[in-house]
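Okay, so here's the structure we're looking at.
Protein chains: 2
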Amino acid sequence: MLKEERHQAILSQVELHNRVLLTDIAEKLDVSIDTARRDVKELDQENKLRKVHGGAISLGFTTSSTRNTNIYALPQKITIAEKAATLLKNDAVIFIDGGTTCMEFARIIPLHLKLTCFTMSLPVAMELTTKPKVDVIFIGGKISKESQIAIGANATHALSEIKVDYGFIGTGYVDASDGLTDFDWDVVQVKKAIMKASKKTILLCISKKLNSRHRYKTCDMTAVDTMITELSPDDDQLKLFRNNNVHLI
Amino acid sequence: MLKEERHQAILSQVELHNRVLLTDIAEKLDVSIDTARRDVKELDQENKLRKVHGGAISLGFTTSSTRNTNIYALPQKITIAEKAATLLKNDAVIFIDGGTTCMEFARIIPLHLKLTCFTMSLPVAMELTTKPKVDVIFIGGKISKESQIAIGANATHALSEIKVDYGFIGTGYVDASDGLTDFDWDVVQVKKAIMKASKKTILLCISKKLNSRHRYKTCDMTAVDTMITELSPDDDQLKLFRNNNVHLI
DNA sequence: TATTATAATGCAATTTACTGCAATTAAAAC
DNA sequence: GTTTTAATTGCAGTAAATTGCATTATAATA
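Protein sequence lines, in the order shown, are assigned to chains A and B. Counting in the UniProt record's numbering, the first sequence runs from 1 upward without gaps. Counting in the UniProt record's numbering, the second sequence runs from 1 upward without gaps.
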């Protein structure tokens, strides 16, 4: 393997996970630790990453105030994810839906927290594998290419056999009177099943989606126990939601 | 062979694989290393590629878009993946195991190919969502953090209910007499289930793993229908495998 | 503090690069 | 067709780069 290829491989790993261990480089690229260290050292000198004890981290990781340099992660979603994370307690059993907001939530879960997480979102599951104390269980099924979640009879059936404390879900569209709606029928079916499997349903939703609706209905607002948005609780837009016994954060 | 022809051959190689080794050029084009080096040097000066120690890489290789498609792929694994891909036909129903070699295989599947793919590897499933004509079905279960595949009773049970034409599997260790072995018991159980669900088992395995073994056994070599490595079929190491009715590519 | 893990350094073995040169080949000139 | 000329190629010797290992130093962690 050419040195240049190794360098690219290391950079891609850093780009993807924001960090990389020297031992991982050595093993996966089939070189000695020394070579891995030298590679990282050179990349550091070229200002492509930052070398730290035991590995390397991406340049933006430490400096930028916004946590992860995911271009899709809007700051509001991080705010929501941070609020949602405050609900988590050790040994909780939760479900995490797909979508970028839930993805942000998964990303923000503290490393020391012991959890059991169900999900049928591929990216969320991938992210959760980086959390040492989180048990991850994936609900299988046919994979929807757009949303990268498992759908179909298999998925809904598997969901019918579990019960979790909290179901953290997202939605495509939400409205105080029309409830949660989506444009994909299969996705709606799965979301229904998630809510049935959850003792409490927590909706993560950026304010942009408030007051919008689409073809297929997941549920009424009354079925949602808690809704988390980035707006302050006394925002005008939220008044309508208070009538549905929805707890707002 | 004319110099210009060589230059074209080198460029097409670089275009295809993003890289080329001087030793490969020398061997395949039947010239000395020196000539190969001189050719690459000229192409570099013409800005057709970038010369690096030991070979050359394509100019676009460093852009992050191509980088993401080349995470941690050893060149040998690409060779194996390419060979494996030749077995695929339209409308085939296959299973793809986890591991970097199988990942490379998933990556190389042509976009025009219509397939149904089962997998219980998160990265493989993610990759497959980029193939428009491939139906992806994920076998759910508890996710193993090291290997990022679904394991456990759920996974093996789900596997017991399907039947695929080809099962493309990897293994941690392989030996002609001891067969396929691994260090993780759960993983071995899943691999067994995969083989049971496959009409034909195709083992993708880099030569480095040949003649190695570990604690838990998946199966004997006789259970493998085809083994694909990057070695030439008359390599000495492979002689031992011929005795097991294993088809080598 | 003790213990472990990681880093830095020097060194030897290997691989690759460069240089000059002679032999060969292809093209040009006669 | 023959000779001349220039380009190309392979080889040998040397220089440089790369790599892995051993050793010592340093940093992290309990």
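Note that the Cβ used here is the ideal one computed from N, Cα and C, for glycine as well.
Please report how far the alpha carbon of residue i lies from the alpha carbon of residue j, in whole angstroms.
i: A/D178; j: A/N154; result: 28 Å
i: A/S32; j: A/L22; result: 9 Å
i: B/I202; j: A/F105; result: 39 Å
i: A/N68; j: A/V20; result: Model confidence at A/N68 stands at a pLDDT of 37, short of 50, so the residue's coordinates are unreliable; what they give is reported in the following sentence. If you take the alpha carbons of A/N68 and A/V20, they lie about 15 Å apart.
i: A/T156; j: A/T119; result: 12 Å
i: B/I149; j: B/D97; result: 8 Å
i: A/Y216; j: A/I57; result: 43 Å
i: B/R107; j: B/D24; result: 24 Å
i: B/F138; j: A/N47; result: 39 Å
i: A/I71; j: A/G172; result: Because the pLDDT at A/I71 is just 43, under 50, the model does not fix this residue reliably, and the value given afterwards should be weighed accordingly. So the alpha carbons of these two residues sit roughly 19 Å apart.
i: A/S232; j: A/T222; result: 21 Å
i: B/C219; j: B/E230; result: 22 Å
i: A/D91; j: A/I80; result: 22 Å
i: B/T100; j: B/K77; result: 8 Å
i: A/I228; j: B/K114; result: 42 Å
i: A/D234; j: A/A193; result: 32 Å
i: A/D39; j: B/E146; result: 24 Å
i: B/G152; j: B/V174; result: 23 Å
i: A/N18; j: A/I10; result: 11 Å
i: B/A36; j: A/M1; result: 18 Å
i: A/A176; j: A/S160; result: 27 Å
i: B/R6; j: B/D30; result: 10 Å
i: A/I109; j: A/A85; result: 6 Å
i: B/M195; j: A/W185; result: 34 Å
i: B/L16; j: B/E82; result: 12 Å
i: A/L122; j: A/S12; result: 19 Å
i: A/V136; j: B/S212; result: 31 Å
i: A/T63; j: B/V134; result: Residue confidence for A/T63 is low, a pLDDT of 40 falling below 50, so the modelled location carries little weight and cannot support an answer.
i: A/T66; j: B/T116; result: In this prediction, A/T66 has a pLDDT of 32, which is less than 50 and means its spatial position is unreliable; nothing more can be read from the coordinates.
i: B/A197; j: B/G170; result: 15 Å
i: A/H214; j: B/G55; result: 55 Å
i: A/K41; j: B/D44; result: 26 Å
i: A/L49; j: B/F183; result: 33 Å
i: A/A26; j: A/K208; result: 45 Å
i: B/T129; j: A/K199; result: 32 Å
i: B/E127; j: A/D34; result: 32 Å
i: B/H247; j: A/K28; result: 28 Å
i: A/K239; j: A/V187; result: 28 Å
Counting only Cβ pairs nearer than 8 Å, list the residues of chain A close to residue i.
i: B/A150; result: F138 and G140
i: B/G55; result: L2
i: B/M126; result: L122, P123, M126 and Q148
What residues of chain B sit near residue i, judged by a beta carbon separation below 7 Å?
i: A/K145; result: T129
i: A/A158; result: G140
My guess is that residue i and residue j are in contact by the Cβ rule of under 8 Å, so how many angstroms apart are they, rounded?
i: B/I143; j: A/A158; result: In fact, because the Cβ distance is near 14 Å, the residues do not count as touching under 8 Å.
i: A/G140; j: B/G140; result: 3 Å
i: B/V224; j: B/V164; result: 15 Å between Cβ atoms; not a contact.
i: B/F241; j: B/G167; result: Wrong, their Cβ atoms sit about 18 Å apart, outside the cutoff.
i: A/L111; j: A/K89; result: Contact doesn't hold; Cβ gap of about 15 Å is too wide.
i: A/K3; j: B/V52; result: 7 Å
i: B/C102; j: B/L180; result: Between B/L180 and B/C102 the Cβ distance is about 14 Å, and since that is not below 8 Å, they are no contact.
i: B/I249; j: B/T226; result: 6 Å
i: B/L210; j: B/Q237; result: 5 Å
With a threshold of 8 Å (Cβ to nearest heavy atom), would residue i be considered close to the ligand SAH?
i: A/F95; result: This structure simply doesn't include the ligand SAH, nor any ligand for that matter.
Whose Cβ in chain B lies nearer than 9 Å to the Cβ of residue i?
i: A/D135; result: K142 and I143
Would you mind telling me which residues of chain A sit closer than 7 Å to residue i, beta carbon to beta carbon, in chain order?
i: B/R19; result: L2 and E5
i: B/P75; result: M1
So with CB distances below 9 Å, who are the chain A contacts of residue i?
i: B/K52; result: Note that residue 52 of chain B corresponds to Val in the displayed sequence, not to Lys. Per Cβ cutoff of 9 Å: L2, K3, E4 and E5.
Segments assigned beta strand (DSSP E), at least 3 residues, entirely inside the stretch 97 to 142 of chain A
Within the stretch 97 to 142 of chain A, the complete beta strand (DSSP E) runs of at least 3 residues are 115 to 119 and 134 to 138.
What residue ranges within the UniProt domain "HTH deoR-type" (3 to 58) of chain B form continuous alpha helix (DSSP H) runs of no fewer than 4 residues, ordered along the chain?
Correct list: 3 to 17, 22 to 28 and 33 to 45.
For the stretch 207 to 244 of chain A, list the beta strand (DSSP E) runs that are entirely contained and at least 3 residues long, ordered along the chain.
Given a length threshold of 3 residues, each whole run of the beta strand (DSSP E) inside the stretch 207 to 244 of chain A is given here in chain order: 216 to 219 and 226 to 228.
Whole alpha helix (DSSP H) runs in the stretch 135 to 188 of chain B with 4 or more residues, listed along the chain?
Taken in chain order, the whole alpha helix (DSSP H) runs of length 4 or more contained in the stretch 135 to 188 of chain B are 152 to 160.
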